[in-house]
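Beneath this line is the structure, given in structure tokens, with notes to follow.
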């Protein structure tokens, strides 16, 4: 733990997960971004294109490229939003729904593999620690000098959670 920073662990883990999903998606001529987009879209009602970027944490240019590719592959169709003439709703085609189901099963398979390999209590601690990290980031106080005491409190919570995880190993 002393050799690696928390951001390194998070980044390395996410890169491994991303690589795993991209390898699996490539078997079907897709990418992780495509699978994630499919899972982020409403199966029946259509999804406003403007809501996808924030939902997926994706920049507009990357999202545009992903959606264009998905449209070319016949996974989605775009229709004008009847409630907002300027907006566009994105609908899954039948082929898109099939691929969405495949993406869903891939994610569930990964979740099951993790759950079978890691005791529930450790997973709960992991989720708690991840939630605290997200709160720290959302509060935008990490680099604010007035929040040093709060950071110390959060840091102690994280250290306690990590100690619990290590002691149950």
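Numbering (the numbering used here), first residue to last: 284 to 452. Ideal Cβ placement from N, Cα and C applies to all residues, glycine included.
Around the beta carbon of residue 329, a 10 Å sphere encloses 16 or more other beta carbons of the protein chains shown; the residue is thus reported as buried.
Distance from the CA atom of residue 448 to the CA atom of residue 409, rounded to whole angstroms, is 8 Å. In summary, residue 301 is exposed, with fewer than 16 beta-carbon neighbours lying within 10 Å of its beta-carbon over all protein chains present. Nearest to residue 413 by alpha-carbon distance, out of 437, 351 and 344, is 437. Residue 394: member of the alpha helix (DSSP H) spanning 377 to 400, first to last residue. The C-beta separation of residue 321 from residue 375 comes to about 7 Å, placing the pair in contact by the 8 Å criterion. One Cα belongs to residue 383, the other to residue 318, and the distance between them is close to 7 Å. Annotation: the continuous beta strand (DSSP E) that includes residue 360 extends over 359 to 364.
For residue 331, the pairing in a beta bridge is given by DSSP as 372. Bounds of the alpha helix (DSSP H) holding residue 351 are 343 to 355.
For residue 290, the enclosing alpha helix (DSSP H) starts and ends at 289 to 309. By DSSP's assignment, residue 367 forms a beta bridge with 364.
For residue 421 and residue 415, the gap between their C-alpha atoms comes out near 10 Å.
For residue 370, the number of other beta carbons within 10 angstroms of its own is below 16, and it is reported as exposed. Between residue 308 and residue 349, the gap from beta carbon to beta carbon reaches 8 Å or more. With contacts defined by Cβ atoms closer than 8 Å, residue 336 and residue 346 form a contacting pair.
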